[in-house]
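Using numbering that gives the first Met the number 0, the first residue of the sequence shown is number 0, and each one after it goes up by one.
Quick reminder that beta carbons are idealized off the backbone N, C-alpha and C, glycines included.
Predicted model only: the values in this text are computed from it and were never measured.
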Amino acid sequence: MTQTPLIQNAGFSALAAVLVLSGYFLATFFGNKRLQKIKLKSKELLEKAQHEVDSKIKEAEIKSRDLLIQMRETFEKETKERREELAASEKRILQKEENVEKRLDLLDKKEKDVEGRVTKLRQDEGALSEKHKDLERLVEEEKQRLQKISSLTMEEARSLLLARVDEDLVAEKASRIRNIDEELKEAADKKAKEILSAAIHRCASEHAGETTVSVVHLPSDEMKGRIIGREGRNIRAFETAAGVDIIIDDTPEAATISCFDMMRREIAKIALERLIQDGRIHPGRIEEIIEKVKKEIEVKVKEEGEQATFDLGIHGMHPELVKMVGKLKYRTSFGQNALNHSKEVASLMGIMASQMNLDFKIARRAGLLHDIGKVAGQEVEGPHALIGAEIARKYGELPEVVKAIECHHEEAEVTIYGALVAAADAVSAARPGARAETMETYVKRIESLEKIANSFKGVEKSFALQAGREVRVMVKPNKITDDEAVVMSRDLKKKIETDMEYPGQIKIIVVRETRAIEFAK
């Protein structure tokens, strides 16, 4: 009874083992079969893909051959047409055909070479991308390392770098200034000196220096009383009508007429001389004579303008401009007569323009009219160059003349005729004795020149020499380098040109010297 359950358990175990084994074999069998199907299917897919690849390759080869054939057919057709058109050049065309075939071979080689290069470039692109990443990482590491080493922040390091760049730029700027100055001196100085010297030698105009007073000779001292009149009525009437001051002092047989307006002073002088000759001196006669002289002076002004235009060969100028040119006779600039100055500038302009192959007629017109703005009334405000340009434009002058007048003091964009006006103006004004200058104006100009020089950083002292035509600047050698001294001379020149008015030119010398001093004991 006890053995029966054991036998039953043993039977069940054997049966289970048989079932497990049979299940394993069945799974293995079906799995292998499925695996074989999968392999077959993958093989079919691979073969299909390979077939598609082969077919596309063949198709591409066919297309390339067709394209090559088509290109060759086109080429042969074009070659044939060229043969028909250029029968006389058959030998040269045959040579070109051979060259084309060689080029085709060369193109095939280049095509292969390009394909290889494209592949290599792609490879290099990937490598370059990796290197770029490595470089960025190394730069960042280097920045951190430099900050640790130098104990500087990024802003401090940037400031230090910019300071060094500024130093390099100063040196480069000074070097370029030197080179440009040398080139300009070599190219321009010789030609400019030739033109100016030829113009100066050919133009020998006289200069007249007028003052603010005119002296009238009297036949006797008794005439002084008649000029003054009873209770001073004659002299008051004369001064009111003529707009001048009459000074009658202890000077024997002389009366002085004082006025800054030369035209009014000339009218008063002529009127007083005629009154003295006539002998009838009373307020009514004074006003009559003065009005008559005014009309005569207006005629004389017009004649002076016409004579100036005639002497210079200038035609077709508006009558009002001619009258204004005549009025320049009664204007001065630093004691130099404005009409004589304008005529001289016109002559110099004509000579220089001829040597430069420019229109000398336009040059002379611009030279004669360059100071026309000085005769405008007090109601017109602004620089005389701009006023003169506006007057010339109003009376229909040529655009070149208007521009030259406008820019001859660099108050507008400088033209070629404007540059010539400026040069001729400076030459005329800079002649010895051409201009008179009061002591007060001279001292102020010298002081202004030294003040401008001393305003620059690093200047130890400065001296104005040769009556203000040269300024010598001593700089501190421990604060200013040689290159900075070159830049300073250029900056000082620009500041003087901007802030000062002066005749001729000013030579600027910046001196930097280092002295080593020791004492032997």
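Annotation for I404: the continuous alpha helix (DSSP H) segment containing it runs 398-406. Exposed is the label assigned to K475, since fewer than 16 other Cβ atoms lie within 10 Å of its Cβ. V214 carries a strand assignment under DSSP once its states are collapsed to helix, strand and coil. Close CB contacts of V400 within its chain, under the 8 Å cut and outside five residues either way in sequence, are with I361, R364, A365, L368, A391, Y416 (chain order).
Scanning its chain for C-beta atoms nearer than 7 Å, with the 5 sequence neighbours on each side dropped, one finds around P382 the residues H408, E410, in chain order.
Partner residues in the beta bridge of K460, as assigned by DSSP, are M473. Apart from sequence neighbours up to five positions away, the residues of its chain that approach L85 with a beta-carbon distance below 7 Å are I92, ordered along the chain. A distance of 7 Å or more separates the beta carbons of T255 and V292. Under the three-state reduction of DSSP, S219 is assigned to coil, being neither helix nor strand. Within the stretch 289-346, the complete alpha helix (DSSP H) runs of at least 4 residues fall at 318-326. Burial check for L491: the Cβ neighbour count within 10 Å reaches 16 or more, so the residue is buried.
Where V485 is concerned, the enclosing alpha helix (DSSP H) starts and stops at 481-498.
In the DSSP assignment, T255 falls within the beta strand (DSSP E) that extends over 253-257.
Secondary structure of V52 (DSSP, three-state): helix. Excluding the 5 residues flanking it on each side, K119 has no same chain C-beta neighbour closer than 7 Å. In the DSSP assignment, K506 falls within the unbroken beta strand (DSSP E) covering 506-510. In the three-state reduction of the DSSP assignment, I280 falls in the coil class. In terms of Cβ geometry, I285 and A240 form a close pair [threshold 7 Å]. Excluding residues up to 5 positions away in sequence, M351, Q354 lie with their Cβ nearer than 6 Å to the Cβ of I194 in the same chain. If you look at I245, you'll find it in the beta strand (DSSP E) that goes 244-246. Between the C-alpha atoms of I516 and K402 there is a straight-line separation of about 58 Å.
For R229, there is no enclosing alpha helix (DSSP H), as DSSP marks it with neither H nor E. Boundaries cannot be given for K520, as no alpha helix (DSSP H) includes it and DSSP labels it neither H nor E.
Relative to the Cα of E305, the nearest Cα in the group K294, L327, I479 belongs to L327.
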